[in-house]
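In this note's numbering, the protein residues as written are 2 to 204.
Backbone N, C-alpha and C fix where the C-beta goes; we use that ideal spot for every residue, glycine too.
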């Protein structure tokens, strides 16, 4: 680890139902296309670590497969990978769509969050899809009653809305400590694997 007395540094996992925009959000936060983006469910098969570094410190993002009800052994593996990541990080980002109804999948995620002693930020994605800003209020109300979120932040992974506020909030929540990676590191994936991920996206 790279020493620094005044930096914030830690691991952040991004969870949510399949296809809520997790990979798009992570790519937007990093500023490069690392995580595969597709409309097909279960496209994020690996827990990809990407790194964002600036003068405030370093955020190591762990992208996970969407949490869902597994239908086969691969599905079991992907769900277990996502669920196990929750307890191994400093902060959880829980990404949802702007719908007030909490379905069975999101209820399952909230049950998992209740078992972990980790601060959680609720991210309401696709905020740009709402015709009126006040449409978000019932979403905030329903989810606030279901779990004690540390913060609730409306964002748009597509446009970048709210992401500067999100980064500020993440750094406030991370512990003080040295950088885990060199400042120019963006991902721990080898270049060959990044290329294979991008090729698979086009399949």
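Fill in: Alpha carbon of residue 109 to alpha carbon of residue 88, nearest angstrom
Looking up residue 109 in the chain shown gives position 108. Looking up residue 88 in the chain shown gives position 87. Pairing residue 109 with residue 88, the inter-Cα distance amounts to about 15 Å.
Worksheet item: Span of the alpha helix (DSSP H) holding residue 171?
Response: Looking up residue 171 in the chain shown gives position 170. It spans 164–174 - the alpha helix (DSSP H) in which residue 171 sits, taken as one unbroken run.
Fill in: Simplified DSSP state of residue 181, which is helix, strand or coil
On the chain shown, position 180 is the one that residue 181 refers to. The three-state reading of DSSP puts residue 181 in coil, since its state is none of H, G, I, E or B.
Discussion item. Classify residue 17: buried if its beta carbon has 16 or more other beta carbons within 10 angstroms, exposed otherwise.
Written reply: The count along the chain shown starts at 1 and reaches residue 17 at position 16. Within a 10 Å sphere around the beta-carbon of residue 17 sit 16 or more other beta-carbons, which makes this residue buried.
Worksheet entry | Euclidean distance between Cα positions of residue 181 and residue 188 | Here residue 181 refers to the residue found at position 180 when the chain shown is read from its first residue. Here residue 188 refers to the residue found at position 187 when the chain shown is read from its first residue. C-alpha separation (whole angstroms): 12 Å.
Discussion item. Helix, strand or coil for residue 140? Go by DSSP, reduced to three states.
Written reply: For the purposes of this step, residue 140 is taken as residue 139 along the chain shown, with counting starting at 1. Residue 140: helix per DSSP, three-state reduction.
Fill in: Simplified DSSP assignment, three categories, for residue 18
Within the chain shown, the letter at position 17 stands for residue 18. In the structure shown, the three-state DSSP call for residue 18 is coil.
Discussion item. So the candidates are 30, 184, 9 and 159; which of them puts its Cα closest to the Cα of residue 94?
Written reply: Position 93 of the chain shown holds residue 94. If we check each option's Cα against that of residue 94, 30 comes out closest.
Discussion item. Distance check for residue 55 and residue 103, CA to CA, integer angstroms please.
Written reply: For the purposes of this step, residue 103 is taken as the residue at position 102 of the chain shown. For the purposes of this step, residue 55 is taken as the residue at position 54 of the chain shown. Going from the Cα of residue 103 to the Cα of residue 55 covers about 36 Å.
Fill in: Same chain, Cβ closer than 8 Å to residue 150, neighbours up to 5 away in sequence not counted
Indexing the chain shown from 1 puts residue 150 at position 149. Setting aside the 5 residues that flank it on each side, residue 150 is surrounded in the same chain by 95, 121, 122, 123 and 144, each with a C-beta closer than 8 Å to its C-beta; the list follows chain order.
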